[in-house]
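Chemist:
Residue numbers (my numbering): -15 to 235.
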């Protein structure tokens, strides 16, 4: 079965055995090393699932990056503090144009406020857009008018990585090749290889056919060993994929 914690642990173990190093997004954009993995986590829902991921990584002595939304279903201060305390990077998962109806002035004020509140809990040097697939507004458009670097932000994954040189994998749509059901979690790249399941990724790693520099994006609410939660997420995501594909995804 895919998208279980057991499968995730196997994936991490295969990367470690293949002698990949792990960096937070902050350290990754400052370095030029090869055979490097970034474990990015978009904490959209169920923040305790992200805490489970953080504990698994800490047990292996590796670090990831966790982006929290400024909404109750993501923003759990105790979870943020615990994940930060384990040595992981905390970032802001902004959606400021979606929450302000596309108003740029209100959007940047919303960004400033939420970034300041998050920095009271942990250092924040990187940010990442939340796609808000049901919204007509793309929050990345905020930076057509403003500059996130003026807020002490080092980097944003959709702007500051050359994806021709860094292979990008996201579990958007509860599949690793869900480009046809992704509204905004897309990157510009000339790389053509794809994987459908986590098992295919693990096979590529163990046979040394996996790229050297990789960013994974996980949505930890999708991963569970609890079969009731696992099945609920499967059904919900399948329905959501149909809606997104037919009404929101642009060709």
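We treat Cβ as the ideally placed atom computed from N, Cα and C, and that holds for glycine.
Going by C-alpha distance, which of 219, 195, 206 and 212 is nearest residue -9?
Modeler: 206
Chemist: DSSP state of residue 215, grouped into three classes?
Modeler: It is helical.
Chemist: Relative to the C-alpha of residue 115, which residue among 17, 203 and -4 is closest?
Modeler: 203
Chemist: Determine the DSSP secondary structure at residue -4, reduced to helix, strand or coil.
Modeler: helix
Chemist: What is the DSSP secondary structure of residue 147, reduced to helix, strand or coil?
Modeler: coil
Chemist: Which term fits residue 219, buried or exposed, when burial requires 16 or more other beta carbons within 10 angstroms of its beta carbon?
Modeler: The residue in question, residue 219, is exposed, as its Cβ has fewer than 16 Cβ neighbours within 10 Å.
Chemist: Which whole-angstrom value describes the C-beta separation of residue 110 and residue 88, a residue pair presumed to lie in contact below a C-beta threshold of 8 Å?
Modeler: Residue 110 to residue 88, Cβ: 22 Å. No contact.
Chemist: Three or more C-beta pairs under 8 Å: does that hold for the segment 10 to 19 against the segment 133 to 147?
Modeler: yes
Chemist: Keeping to the same chain, check which residues put their C-beta closer than 8 Å to that of residue 209; ignore five residues upstream and five downstream.
Modeler: -12, -11 and -10.
Chemist: Considering only the alpha carbon of each residue, which of -14, 27 and 196 lies closest to residue 113?
Modeler: Of -14, 27 and 196, the smallest CA-CA separation from residue 113 is found for 27.
Chemist: From what residue to what residue does the alpha helix (DSSP H) around residue 53 run?
Modeler: Segment: none, residue 53 is in no alpha helix (DSSP H) and carries neither H nor E.
Chemist: Quick one: grab the DSSP three-state call for residue 33.
Modeler: For residue 33, the three-state secondary structure derived from DSSP is helix.
Chemist: Does the distance from the CB of residue 21 to the CB of residue 198 come in under 7 Å?
Modeler: yes
Chemist: Using a Cβ-Cβ cutoff of less than 6 Å, which residues in the same chain neighbour residue 195 once the five nearest sequence positions on both sides are dropped?
Modeler: 151
Chemist: Measure the Cβ-Cβ separation of residue 50 and residue 25 and say whether it is below 7 Å.
Modeler: It is a contact, given that the beta carbons lie within the stated cut-off.
Chemist: Is residue 7 helix, strand or coil by DSSP?
Modeler: Residue 7 falls in the strand class under three-state DSSP.
Chemist: Looking at the unbroken beta strand (DSSP E) that takes in residue 22, where does it start and where does it end?
Modeler: 20 to 27
Chemist: If you drop the 5 nearest sequence neighbours on each side, which residues of the same chain put their C-beta closer than 8 Å to that of residue 58?
Modeler: Same-chain partners within the cutoff: 27, 28, 29, 31, 52 and 77.
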